[in-house]
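Printed below as a string of structure tokens:
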């Protein structure tokens, strides 16, 4: 009788330990996927920042305009993108000339 109880307890403990390992493995897999996704997004952000830097380097010097008289190194990515969009609109805006 004790042998059967011992065998059943051993089997149950083994099953529970196996389930614990499977659960832990699933969590590690999810964590690894999240870490990979974060790393991928970080690389994309770095690439975007490099492209913005290159675009800013190609722009003419507009430091004489008050709106643009800022140091890009101290600006957030959103501010820099907004600044580039503003410059683009200024450069592509049709010029209206009044003829007398």
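In our numbering, the protein residues as written are 8 to 107. Ideal placement from N, C-alpha and C gives every residue a C-beta, glycine not left out. Note that the structure is predicted; figures quoted are calculated from it, not measured.
Spatial neighbours of residue i within its chain, please: CB distance less than 6 Å, with the 5 preceding and 5 following residues excluded, ordered by chain position.
i: residue 55; result: none
i: residue 73; result: Residue confidence for residue 73 is low, a pLDDT of 49 falling below 50, so the modelled location carries little weight; the figure read from the coordinates is stated next. Answer for residue 73: no residue qualifies.
Report the rounded CA-to-CA distance for residue i versus residue j, giving the unit in angstroms.
i: residue 91; j: residue 48; result: 22 Å
i: residue 87; j: residue 98; result: 16 Å
i: residue 39; j: residue 58; result: 29 Å
i: residue 84; j: residue 66; result: 17 Å
i: residue 37; j: residue 30; result: 11 Å
i: residue 63; j: residue 25; result: 57 Å
i: residue 60; j: residue 34; result: 39 Å
i: residue 18; j: residue 10; result: 12 Å
i: residue 42; j: residue 28; result: 21 Å
Compare the C-beta of residue i against all C-beta atoms of chain B and say whether one is closer than 7 Å.
i: residue 17; result: Checking the listed chains, one finds no chain B in this structure; it contains a single protein chain.
With residue i as the anchor, note down where its alpha helix (DSSP H) starts and where it stops.
i: residue 86; result: 84-99
i: residue 23; result: 9-65
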